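Heads up, the thing below is written out as structure tokens.
There are 2 protein chains.
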Amino acid sequence: MTEKKEHLFIVFEKLIKSKSECSCEILSECGFSDITVKQIGYLRVIDEHGELTFSRLARITRNSKPTITEMVNKFVKMDCVYKEKSPDDGRIYYIRLTEKGRKIARSEENALLKVIEKMAGSLDEKEIDTLIDLLEKIW
Amino acid sequence: MTEKKEHLFIVFEKLIKSKSECSCEILSECGFSDITVKQIGYLRVIDEHGELTFSRLARITRNSKPTITEMVNKFVKMDCVYKEKSPDDGRIYYIRLTEKGRKIARSEENALLKVIEKMAGSLDEKEIDTLIDLLEKIW
DNA sequence: TATAATTAGTTAGGATTTCCCTAATTAAAT
DNA sequence: ATTTAATTAGGGAAATCCTAACTAATTATA
Numbered sequence: 089m090t091e092k093k094e095h096l097f098i099v100f101e102k103l104i105k106s107k108s109e110c111s112c113e114i115l116s117e118c119g120f121s122d123i124t125v126k127q128i129g130y131l132r133v134i135d136e137h138g139e140l141t142f143s144r145l146a147r148i149t150r151n152s153k154p155t156i157t158e159m160v161n162k163f164v165k166m167d168c169v170y171k172e173k174s175p176d177d178g179r180i181y182y183i184r185l186t187e188k189g190r191k192i193a194r195s196e197e198n199a200l201l202k203v204i205e206k207m208a209g210s211l212d213e214k215e216i217d218t219l220i221d222l223l224e225k226i227w
Numbered sequence: 089m090t091e092k093k094e095h096l097f098i099v100f101e102k103l104i105k106s107k108s109e110c111s112c113e114i115l116s117e118c119g120f121s122d123i124t125v126k127q128i129g130y131l132r133v134i135d136e137h138g139e140l141t142f143s144r145l146a147r148i149t150r151n152s153k154p155t156i157t158e159m160v161n162k163f164v165k166m167d168c169v170y171k172e173k174s175p176d177d178g179r180i181y182y183i184r185l186t187e188k189g190r191k192i193a194r195s196e197e198n199a200l201l202k203v204i205e206k207m208a209g210s211l212d213e214k215e216i217d218t219l220i221d222l223l224e225k226i227w
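Chains H and W, in that order, give the protein sequences.
Okay, so the first sequence: first residue is 89 according to my numbering, each after it adds one.
Okay, so the second sequence: first residue is 89 according to my numbering, each after it adds one.
Structure follows, in structure tokens:
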């Protein structure tokens, strides 16, 4: 049994490594190989909230407003984010992701998607069903 | 087919999330919830090299020797690492991981192991064989 | 064998960057 | 006139590196 577990370990390790290679690739495609985990986290927060203002992002991330201004300016320079003036209230700017910013924010999901594509390409429908059934049994 | 891929995605996402929760748990068990990716990387380098001196670690990580002294001192304070004087040459110290340091260095592997244990507990032998077969087909 | 040269690690001190802040300011809305 | 949203100015603290100078141990040499 221990042997089987080892085998499972090896197979899943390969899968996880493959996924993390994909996500590194996505980051380096965007030219952000040295982006920090924290920065990606902020981009995800921006991605997850639709109409996000500076004040709201400050509240959500528990930072001061100047900190957010600084952060957003940095993201704008990196071409991850742009500001959109509210049509209703001239004081307000919405923080929006660019294509690049969204790519980074969703790099983990996209990496998994790529791996799933590969899987779907190597297995037939019946095998995929079996795989899903097996993995659903676990949780 | 797209539907099946989505299903696969959901199942694997759950698996990956479960693994990353395990590794976060390991870090917080050790009291290092705010350890950096870089620091874990250095602990891994230490783990992977048997007889590792300060100079050698400086060469491997392309840092100056004082940087290594500083880094090792920090790790010693964190109880991740200890220094062992060489019996043959009084100038040399070997950098060794403590139990805690090794736990952190291998947190990813250990998290995967925990997930595998759970799998092995939920599937019978035949199912495990099927799972391995399917995943091996992919690469 | 005494001493000069070399090597391993440490100390002192500093440059740069990151990450966050408060207080004051500008512009728009109420 | 007051309130609110974002910005600007200025700065503190910590992280992350470095070079130069030093101590102690080893090795080479005359």
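Glycine is no exception: its CB is placed at the ideal position from the N, C-alpha and C atoms.
None of these values were measured; they are calculated from a predicted model.
- Its Cα nearest to that of H/L185, the residue H/T141 stands out among H/R150, H/T141 and H/I220.
- H/G189 sits buried, since 16 or more C-beta atoms from the chains shown fall within 10 Å of its C-beta.
- Per the C-alpha coordinates, the member of H/A199, H/E136 and H/I123 positioned closest to H/M166 is H/I123.
- No Cβ-Cβ contact shorter than 8 Å links W/R179 with W/D135.
- Under a criterion of Cβ atoms nearer than 7 Å, the residues of chain H adjacent to W/E215 are, in order, L222.
- Only V99, F100, E101, K102, L103, I104, S106 and K107 from the segment 98–109 of chain W bring a Cβ to less than 8 Å from some Cβ of chain H.
- Following the DSSP letters along the chain, one finds W/E172 in no alpha helix (DSSP H) but inside the beta strand (DSSP E) bounded by residues V169 to K173.
- Chain W has no Cβ within less than 8 Å of the Cβ of H/K173.
- Using a CB distance cut-off of 8 Å, W/T218 counts as an interface residue toward chain H.
- Around the Cβ of H/V125, a 10 Å sphere holds fewer than 16 other Cβ atoms; the residue is exposed.
- Secondary structure of H/T157 (DSSP, three-state): helix.
- Using beta-carbon distances, H/V133 does not count as an interface residue toward chain W, since no partner is under 8 Å.
- Between W/L145 and W/V133, the beta carbon gap of about 7 Å places them in contact (Cβ cut-off 8 Å).
- W/L140 carries a coil assignment under DSSP once its states are collapsed to helix, strand and coil.
- With a cutoff of 8 Å on beta-carbon distance, H/V99 and W/E224 are scored as near each other.
- Minimum Cα-Cα distance from W/Q127 among the listed residues W/I216, W/L103, W/K162 and W/L96 corresponds to W/K162.
- Beta-bridge partners assigned by DSSP to W/Y181: W/K173.
- Setting aside the 5 residues that flank it on each side, W/K107 is surrounded in the same chain by A199, L200 and V203, each with a C-beta closer than 7 Å to its C-beta; the list follows chain order.
- For H/G189, the enclosing alpha helix (DSSP H) has its first and last residue at E187 to A193.
- Taking 8 Å as the threshold, the shortest C-beta distance from H/H95 to chain W falls below it.
- Within chain W, S210 and L211 have C-beta atoms less than 7 Å from the C-beta of H/K225, given in sequence order.
- Against chain H, a Cβ distance below 8 Å from W/I204 picks out K93, L96, F97 and F100.
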